[in-house]
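Worksheet for the structure shown next.
Residue numbers (the numbering used here): 1337 to 1574.
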């Protein structure tokens, strides 16, 4: 990722956006609350703590210690592409077109839909700005969900270990998942409060999505048959 620069029709007249190429090099995608059900069809969902703020962000895992397993030469091979992946090359900006770009992103280049035509931004730029604004709101809703789950002590560390064929282990730390024992032990007042907020259903989907780890392992082994791995979970207190 390179520093974003303002989209300038004079400088970027030939630049195009290839949505199918988005996601290359991204191992984790931040999610909005509205993406939980669709993203869970393909990817394990969990929470990652922001080192600066201490807040939890909802994320989808798209790799196991390497590159994005869903993004390939033929496009993005999943039933759903997270919005943060699709829009990864763009940022909201003040003035001008209202959009900034990461010129190094794989989705920007000579192929795809035009961002500039006739010296002016195309309607696609307006569409991208709108999607970015919606994503910002949805991510804020996901953070509010995480805060509610944390308040009821429903998050626990999720420690993954990748064991390679040469017996070397690689740990993935800093992730959190749903504490299903704590979820089952909630009192009636908490259950009603979380249900009315939609948090109970969201927690159940996030908990179930852990089993998509096996899909990631299969994709990894198919991509690198000579570097197969076994994925395991360590106890939170180990």
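All C-beta atoms in this analysis are idealised placements derived from N, C-alpha and C, irrespective of residue type, glycine included.
Helix, strand or coil, according to DSSP, for residue 1381 in the structure here?
For the purposes of this step, residue 1381 is taken as the residue at position 45 of the chain shown. It is a strand residue.
Short Cβ contact (8 Å threshold) for residue 1449 with residue 1352:
Taking the chain shown and counting its residues from 1, one reaches residue 1449 at position 113. Taking the chain shown and counting its residues from 1, one reaches residue 1352 at position 16. Contact: yes.
Could you check where the beta strand (DSSP E) with residue 1505 kicks off and where it finishes?
Residue 1505 sits at position 169 when you count from the first residue of the chain shown. It spans 1505-1508 - the beta strand (DSSP E) in which residue 1505 sits, taken as one unbroken run.
Between 1507, 1490, 1541, which has its C-alpha nearest residue 1519's C-alpha?
Residue mapping note: residue 1519 aligns to position 183 of the chain shown, counting from 1. The option with the nearest alpha carbon to residue 1519 is 1490.
Mind listing, in chain order, the continuous beta strand (DSSP E) runs of no fewer than 3 residues lying wholly within the stretch 1407-1474?
1426-1428, 1435-1437
The stretch 1482-1497 in contact with the stretch 1505-1512 per 3-pair CB rule at 8 Å:
yes
Closer than 8 Å by C-beta to residue 1447: which residues in its own chain qualify, once you throw out the five before and the five after it? Chain order, please.
Residue 1447 sits at position 111 when you count from the first residue of the chain shown. Excluding residues within five positions, the ones whose Cβ falls inside 8 Å are 1352, 1354, 1357.
What's the call for residue 1554, buried or exposed, on a 16-neighbour Cβ count within 10 Å?
Within the chain shown, residue 1554 is the residue found at index 218, counting from 1. That one is exposed.
Range covered by the beta strand (DSSP E) that runs through residue 1569
What you label residue 1569 is simply residue 233 of the chain shown in a count that begins at 1. From DSSP, the beta strand (DSSP E) with residue 1569 extends over 1565-1570.
Contact check, residue 1416 vs residue 1472, beta carbons under 8 Å:
What you label residue 1416 is simply residue 80 of the chain shown in a count that begins at 1. What you label residue 1472 is simply residue 136 of the chain shown in a count that begins at 1. Not closer than 8 Å, so no.
Is it true that the CB of residue 1429 sits closer than 8 Å to the CB of residue 1342?
If you number the chain shown from 1, residue 1342 lands on position 6. If you number the chain shown from 1, residue 1429 lands on position 93. Closer than 8 Å, so yes.
CB-CB under 7 Å to residue 1365, same chain, minus the five flanking residues each way: which ones, in chain order?
Locating residue 1365 in the chain shown gives position 29, counting from the first residue. Excluding positions up to five away in sequence, the list reads 1395, 1396, 1398, 1418, 1420, 1421.
So what does residue 1394 bridge to, in DSSP terms?
On the chain shown, position 58 is the one that residue 1394 refers to. 1383.
Residue 1500 versus residue 1567 - alpha carbon distance:
Locating residue 1500 in the chain shown gives position 164, where the first residue counts as 1. Locating residue 1567 in the chain shown gives position 231, where the first residue counts as 1. If you take the alpha carbons of residue 1500 and residue 1567, they lie about 9 Å apart.
Length at least 3, wholly inside the stretch 1495-1553: the beta strand (DSSP E) runs in chain order:
1495-1500, 1505-1508, 1511-1514
Could you compute how far the alpha carbon of residue 1515 sits from the alpha carbon of residue 1492?
Position 179 of the chain shown, counted from the start, is the residue given in the question as residue 1515. Position 156 of the chain shown, counted from the start, is the residue given in the question as residue 1492. Using only the alpha carbons, I get a separation of about 5 Å.
Under 8 Å between the Cβ atoms of residue 1438 and residue 1345?
Within the chain shown, numbered from 1, the residue matching residue 1438 stands at position 102. Within the chain shown, numbered from 1, the residue matching residue 1345 stands at position 9. No, Cβ-Cβ distance for residue 1438 and residue 1345 is not below 8 Å.
My guess is that residue 1475 and residue 1435 are in contact by the Cβ rule of under 8 Å, so how many angstroms apart are they, rounded?
On the chain shown, residue 1475 is found 139 positions in, with the first residue counted as 1. On the chain shown, residue 1435 is found 99 positions in, with the first residue counted as 1. Not quite, the Cβ-Cβ distance comes to about 18 Å (not below 8 Å), so this is no contact.
Please determine, among 1534, 1387, 1400, 1369, the residue with the shortest C-alpha to C-alpha distance to residue 1548.
As a working note, residue 1548 is residue 212 in the chain shown. Comparing Cα positions, the closest option is 1400.
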